[in-house]
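Protein chains in written order, with this note's numbering: chain Z, 36 to 390; chain L, 108 to 416. C-beta: ideal position from N, C-alpha, C; glycine also. Reviewing the structure listed below.
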Amino acid sequence: MKFKTSLAAAAALALGLAGAASAQTKVGFIYVGPVGDLGWSYEHDQGRLAVEEHFGDAVETTYVESVPEGADAERVLTQMALGGADIIFTTSFGYMDPTINVAEKFPNVMFEHATGYKRADNVSTYSARFYEGRHVIGLIAGEMTETNTIGYIASFPIPEVVRGINAAYLAAKSVNPDVEFKVVWVYTWFDPGKEADAANALIEQGADVIMQHTDSPAAMTIAEEKGIYAFGQASDMMQFGPNARLSSIIDNWAPYYIERVQAVIDGTWESTDTWDGIGPGMVEIGEFSDKIPADVAARAQAAADAIAAGTLHPFTGPINKQDGTPWLAAGEVADDGTLATMDFYVEGIVGELPQ
Amino acid sequence: MFGDLSLVSLIVSLMIASTPILFAATGELVVEKAGVLNLGVEGMMLIGAISGFAVAVSTGNPIVGFLGAAAGGAIAALIFGVLTQYLLSNQVATGLALTLFGTGVSALMGQPYNGLKPPPSPRLDIPVLSDLPVVGPILFSHDIMLYVSLLLVAAVWYFLYRTRGGLILRAVGEDHNAAHSLGYNVILIRLGAIAFGGACAGVGGAYLSLIRVPQWTQDMTAGVGWIALAIVVFASWKPYRVILGAYLFGGVTVLQLNLQALGVNISAAYLSMTPFIVTIVVLVIMSANRRKTSLNAPAMLGRIFHASH
């Protein structure tokens, strides 16, 4: 008898737990790098932790790190959806098609794809206007370079990366007409060894300021070692280059993630396209180093403030494309459509953009 | 085309980029010569990278750090050794598991070390010689560990082909039953080789975290361990060819980055493919003569030894 009671109690407990579990909103994340990259994936994971802290027991988050872009991503996403996820954030450009494919099979699971442009009824896209941050650090780089050579470690020739190069170049050029950009494509988001080699190659070619669009702080470490300047990418990266780091572009995903999870809980989630910048706080500019002269820092800050206020757009004409054909007339501002699919260098950048 | 590209600094940076591969591949060569296939190189490198980093940071001495890396790599390898040699588990599966294990364990061990700076490694600085214009930077002013990697290859060659111990190790790799019937302890010899391979992989990983990048980042080897495995086949199990393979791969990687920085008008996509293409092409050429290749591969590679008497 006693045994039966305890059995019944256990069953009730199990049912109760199951009941509590199903009331929880399950939130999944997949990252392209390790959460310990201290760059891109790290910041997305900070967003995930913020979601956990904000909602407490009302949500359960899971993540899978270092998921290759492509077929593997599809497998991981399917598994997550089968595991009962209510909303899944896919945090790299290359997850675009896998996200769309898996979303088709799971119409009741909401997907949020970062930095892509394909949407569906249950797929939203979101990205940050990193190019606004690139404009600010471009201004600083243009002023700080003494060799007039800025090295740029680029990952893949996708619109987001191309946009960043163009924005930084235009800004640097506006304060330093002699500035030259050297771009190295490493074809990876995360490979500290290769990123370090690329930084060394650029320094060898005379670069004294390094910008990067890859995820690890390797280039910052090299810059510190070689006594040149660099900028934190995605994360602040201060600890890797206390002397080298001039400023940084920090991704702050937490408010967006909290808002979207809230929408799922409230049942008000719908497919949207979010592209926020410095204004709403999705892109933050890291503290300026005291290596930056006061007047330069003031101008950079003014540019950041103007961008936040909407009075300055980093892509304001006149701007020509690399081949000299006009793109924007004087005073004209780039529309989001062109920016989202940007596949050309602006005039003045040397070298061929890989297609 | 090479107008602005300094050949000297190119050679210097290719040597640095190749050294982690060279360490790991040399270690794996010895393991394979003993007839064991350990696919866990990537995992052992990661464990070595963090062990070396942790020890170097806490002692302030990079050389002690490298010893720690060797110990870390060897311990990880011995887990593989016990599983495959005593418990007779499948070597391929156990090696892959070791890589997964190493990735996870190193990430866990590395948590407190994110963002720390390792102590600088000592460099060779010989008066006059190190200051020579071309020869100085290429030959006489590297960090100590780079010379160790080259000496290691020479030592491994000498051991394998000029000592009795090397002969026994090769005999174990060629025919473990014969070696056993001659009274050699096959399992102990293999465990020694496995531990040595792990130590080398560990030092290779630490070269990455202490010298090439100097920082600890999770998963920082990014596939170098797999390249090292390929280099062993590429070298057809000959020590001096490991240098060739490692420097070729590292060299092409560094060269393509430098060509891009120089602004050479070749599509970057093709350039970044080149290290892999070159490796594959050479592999194909070298294995074209099937009989010759199979002659080089240790006959007992990957086979389980189980003494029945």
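key: Option in L/ALA337, L/LEU408, L/PRO219 with minimal Cα separation from L/SER394   = L/ALA337
ask   = Quick one: is Z/VAL221 near chain L, going by C-beta distance under 8 Å?
value = yes
query = If you count every other CB in all the chains shown that lies within 10 Å of the CB of Z/GLN268, and 16 or more means buried, which is it?
reply = buried
inquiry  = Taking only three categories from DSSP, how would you classify Z/GLY15?
reply    = Limits of chain Z in this structure are 36 at one end and 390 at the other, which puts residue 15 of chain Z out of reach.
request  = Please name the residue, chosen from Z/TRP304, Z/ILE354, Z/GLY383, Z/THR360, that lies closest to Z/ALA369 on a Cα-to-Cα basis.
outcome  = Z/ILE354
request  = Kindly indicate which residue of Z/PHE90, Z/ILE200, Z/VAL158 has the alpha-carbon position closest to the one of Z/VAL385.
outcome  = Z/ILE200
inquiry  = Pop quiz: Z/ALA189 and Z/VAL214 are said to be a contact at Cβ under 8 Å. What is the actual Cβ separation, rounded to whole angstroms?
reply    = With 8 Å as the limit, Z/ALA189 and Z/VAL214 do not qualify as a contact, their Cβ atoms being about 17 Å apart.
request  = Could you tell me whether any Cβ in chain Z is nearer than 8 Å to the Cβ of L/GLY312?
outcome  = no
8 Å Cβ cutoff, L/MET407 in contact with chain B = The structure shown has no chain B; the protein chains it does contain are Z and L.
request  = Please say whether Z/PRO389 and L/SER374 have beta carbons closer to each other than 8 Å?
outcome  = yes
ask   = In chain order, what residues of the same chain lie with their CB nearer than 7 Å to the CB of L/GLN218, ignoring the 5 residues before and after it?
value = none
request  = Using the DSSP secondary-structure output, state which residues sit across from Z/LYS217 in a beta bridge.
outcome  = Z/GLY186
ask   = At a cut of 8 Å, does the segment 254 to 271 of chain Z reach the segment 301 to 309 of chain Z through at least three beta carbon pairs?
value = no
ask   = So which residues on chain L does Z/ALA233 lean against when the C-beta distance must stay under 7 Å?
value = LEU364
ask   = From the beta carbon of L/LEU203, is the nearest beta carbon of chain Z less than 8 Å away?
value = no
key: Contacts that Z/GLN274 makes with chain L (C-beta to C-beta distance below 7 Å)   = GLY222
message = Does chain L have any CB closer than 8 Å to the CB of Z/GLN268?
response = no
request  = Give the residues of chain L in contact with Z/VAL385, contact being defined as C-beta atoms less than 8 Å apart.
outcome  = GLY370
query = When the Cα of L/GLU91 is compared with those of L/GLY305, L/TYR265, L/PRO244, which residue comes out closest?
reply = The question about residue 91 of chain L has no answer here: the residues shown for chain L are numbered 108 through 416.
ask   = Where does L/HIS283 fall in DSSP's three states?
value = helix
key: Closer than 8 Å at the beta carbon, the chain Z residues around L/PRO321   = THR256, GLU260
task = Compute the Euclidean distance between the alpha carbons of L/TYR354 and L/ILE123, then round it to the nearest angstrom.
result = 9 Å
request  = Put Z/LYS61 into one of helix, strand or coil per three-state DSSP.
outcome  = strand
ask   = Can you name, in chain order, every residue of its own chain whose Cβ lies under 6 Å from the Cβ of L/GLY311, other than the five neighbours on each side?
value = PRO127, PHE130, ALA131, MET152
Candidates L/SER196, L/GLY222, L/THR191, of which the one nearest L/LEU317 by Cα = L/GLY222
query = Quick one: what's Z/VAL244 bridged to in DSSP?
reply = Z/ILE185, Z/TYR264
key: Counted within 10 angstroms of its Cβ, other Cβ atoms place Z/TYR130 as buried (16 or more) or exposed   = buried
message = Let me check understanding here. Comparing Cα to Cα, which of L/HIS413, L/GLY211, L/MET407, L/THR201 lies closest to L/GLY142?
response = L/MET407
ask   = Going straight from the alpha carbon of L/PHE341 to that of L/LEU390, what length do you get?
value = 5 Å
ask   = Got a sec? Which residues, its chain only, sit under 7 Å from Z/PRO361 by beta carbon, not counting five neighbours each side?
value = ASN355
key: Three-state class that DSSP yields for Z/PHE165 in the structure shown   = helix
inquiry  = Suppose you measure from the CA of Z/ALA254 to the CA of L/ILE334; what does that come to, to the nearest Å?
reply    = 23 Å
query = Can you list, in chain order, the residues of its chain whose CB lies under 6 Å from that of Z/GLU319, leaving out five sequence neighbours each side?
reply = ILE285, ASN287
request  = With a 10 Å radius around its C-beta and 16 neighbouring C-beta atoms as the bar for buried, classify Z/LYS140 as buried or exposed.
outcome  = exposed
query = How would you call Z/ILE123, buried or exposed, if buried means at least 16 neighbouring beta carbons within 10 angstroms?
reply = buried
ask   = For Z/THR160, which residues from the same chain have a beta carbon less than 6 Å from its beta carbon, with the 5 sequence-adjacent residues on both sides left out?
value = HIS148, GLY151, ARG154, ASP308
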